[in-house]
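Single-structure report; data block below.
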Amino acid sequence: MRPISSLGPAELAHGPFFIGLFLNVLLYGIMASRGVNQIYIYYTKYPSDKTWTKTFIAFIFFLDTLNTLFDFAYLYDCLIIHFDDVPYLARANWLFALDPLMTAAIASSVQLFYAWRVKALTGSYLLAMLVVTFAVAGFGTSSSLVHHGIQPLFLQLEASVSDNCVLKNSLDILFEGTCIEVLRLPYFVEFRRFKSVVILWLVSECLADVLITIILIFHLNSNKTGMDGSDMLINRIIRVTIQTGMATTVCALIDLVLYLTIPVAWHLVFNVFLAKLYTNSLLSSLNSRAPKDGGTSDSEKSLMNKRMSMPVPPPQEVFIQIDEESASDSQLGVRRVVD
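For the sequence shown, UniProt numbering begins at 1 and goes up steadily by one.
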């Protein structure tokens with residue numbers, strides 16, 4: 001294997017980032033063709049949901065759209081505006097640093113929503129707070145990675161407000177409080193030197209996903225009634241919960257393993273589209289519920305259609321044969337008396 005120092009910035013980081021962006025857009029397209037439709041289904045199928053829940057769904061979709069736009073802007077800046085500018089391409093900028101921040105913002109927001117659902121379903125503040133702890137830890141550690149990319153932006157802001165001491169000091173406090181790693185080591189070849197931050201970020205996200213999945217599965221299993229319609233719906237929700245929880249967990253783990261074991265930034269392939277998995281999991285989970293308007297759910301309709309499509313046996317014909325015998329008086333042993 002070639003030494004990492006001999007790799008160009010395109011091979012080291014921008015190639016994996018491009019592949020990750022391709023998958024990001026692919027999942028966004030799936031969400032746009034299926035997800036926007038799912039959002040429409042959600043608003044029409046669950047009109048009695050709380051207003052803040054509906055607003056939250058729109059907010060997550062907005063963040064996901066911004067995430068894709070920022071990723072495109074980063075590649076355009078590097079590959080078009082600064083084409084063949086090797087020193088520039090070797091460093092991370094603020095657009096690059098926004099990707100882990102927005103990924104963590106989307107992931108943590110979805111996990112906090114699930115924490116609310118855990119509290120609503122189980123009534124346990126302890127379980128909900130465990131999920132909240134891991135979600136907040138994941139966002140906090142990922143936000144520290146932005147330091148690499150947004151320090152120039154802060155320096156520009158500080159220069160523009162240098163005459164205002166109060167505002168300048170406020171920016172300094174904000175910068176030191178939220179940004180730790182990324183601009184301290186801005187070169188891609190040095191990104192593996194802040195392993196502890198990446199490990200805390202991705203492990204926290206994985207633990208939150210696993211905890212949410214386990215809690216929901218146990219709760220749903222305990223609420224089975226033995227009735228075909230309700231049990232079919234519960235099994236469907238369990239299946240969706242396992243699939244969505246496993247998808248985000250496996251993706252984050254692969255991201256972490258590749259980051260720790262391979263010098264080339266192939267982990268970006270999985271990191272860049274991780275946010276889309278969280279958005280799709282949220283939409284799938286919400287639309288797998290039974291409708292609140294007393295209508296018939298998809299599972300109940302499927303069960304009814306299945307029963308209606310079963311062949312109905314023809315009615316049995318019962319033949320009753322009545323044998324009529326005419327007996328003569330002599331056969332009956334009756335004598336006529338003739339006067």
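We put the CB at the ideal spot given by N, CA and C, even for glycine.
Q243 classed as buried or exposed, judged by whether at least 16 other C-beta atoms fall within 10 angstroms | It is exposed - the Cβ of Q243 has fewer than 16 other Cβ atoms within 10 Å.
Can you name, in chain order, every residue of its own chain whose Cβ lies under 7 angstroms from the Cβ of residue 378, other than the five neighbours on each side?
-> Only positions 1 to 339 of the chain appear in the structure, and residue 378 is not among them; the question remains open.
Given that a residue counts as buried once 16 or more other Cβ atoms are within 10 Å of its Cβ, and exposed if not, what is V76?
-> Inspection of the sequence shows that residue 76 is occupied by Tyr rather than by Val. Exposed.
Report yes if the CB atom of T241 is closer than 8 angstroms to the CB atom of V210, and no otherwise.
-> The answer is no: Cβ separation not under 8 angstroms.
Rounded C-alpha distance that separates S142 from N67 | S142 and N67 have their alpha carbons spaced roughly 15 angstroms apart.
Should Y40 be labelled buried (16 or more other beta-carbon atoms within 10 Å of its own) or exposed?
-> That one is exposed.
Find out if the Cβ-Cβ distance for the pair V86, S108 is shorter than 8 angstroms.
-> Against a cut-off of 8 angstroms, the Cβ pair of S108 and V86 comes out as no contact.
Starting from the Cα of A275, find the closest Cα among V25, F18 and P16 and give me that residue.
-> When each option's Cα is compared against that of A275, the closest is V25.
Could you check the C-alpha separation between F194 and L98 for me, to the nearest Å?
-> Spanning the two alpha carbons is a distance of roughly 17 angstroms.
Let me know if I237 comes out buried or exposed under the rule of 16 or more other beta-carbons within 10 Å of its beta-carbon.
-> Per the 10 Å Cβ criterion, buried.
Specify, as a first and last residue, the run of the alpha helix (DSSP H) that C206 falls within.
-> Following the DSSP letters along the chain, one finds C206 inside the alpha helix (DSSP H) bounded by residues K195 to N221.
Hey, would you say Q38 sits closer than 8 angstroms to N223, going by beta carbons?
-> At the C-beta level, Q38 and N223 stay beyond 8 angstroms of one another.
Tell me which same chain residues have a C-beta within less than 7 angstroms of the C-beta of C251, skipping the five on either side of it?
-> Apart from sequence neighbours up to five positions away, the residues of its chain that approach C251 with a beta-carbon distance below 7 angstroms are F270, L274 and L277, ordered along the chain.
C-alpha gap between F72 and L258, whole angstroms | Looking at the two C-alpha atoms, the distance is approximately 23 angstroms.
For G226, name the three-state secondary structure that DSSP assigns.
-> Looking at G226 - three-state DSSP - the assignment turns out to be coil, as it is neither helix nor strand.
Identify, in the order they occur along the chain, each residue of the same chain with its Cβ nearer than 6 angstroms to the Cβ of V110, setting aside the five sequence neighbours on each side.
-> Within the same chain, V110 has close Cβ partners Y278 and L282.
Could you give the DSSP three-state label for A252: helix, strand or coil?
-> Per DSSP, reduced to three states, the secondary structure at A252 is helical.
Which whole runs of the alpha helix (DSSP H) in the region 43–93 are 4 residues long or more, in chain order?
-> You should have 51–76 and 86–89.
Classify A58 as buried or exposed, calling it buried when 16 or more other Cβ atoms lie within 10 Å of its own Cβ.
-> Per the 10 Å Cβ criterion, exposed.
Put G123 into one of helix, strand or coil per three-state DSSP.
-> Judged by DSSP in its simplified three-state form, G123 adopts coil rather than helix or strand.
With 16 as the cutoff for other CB atoms within 10 Å, does N93 come out buried or exposed?
-> Sixteen is the threshold: when 16 or more other Cβ atoms of the shown chains lie within 10 Å of the Cβ of N93, as they do, the residue is buried.
Limits of the alpha helix (DSSP H) - the one that S288 falls within = No alpha helix (DSSP H) holds S288; DSSP gives it neither H nor E.
Please look up how many angstroms separate the CB atoms of Y74 and L95, rounded, as I've assumed it's under 8 angstroms.
-> Rounded to the nearest angstrom, the Cβ distance from Y74 to L95 is 4 angstroms, consistent with a contact under 8 angstroms.
Which of helix, strand or coil DSSP assigns to F17 = Under the three-state reduction of DSSP, F17 is assigned to helix.
Other residues of its chain near H82: CB distance less than 6 angstroms, five sequence neighbours each side excluded = These residues qualify, in order along the chain: Y88.
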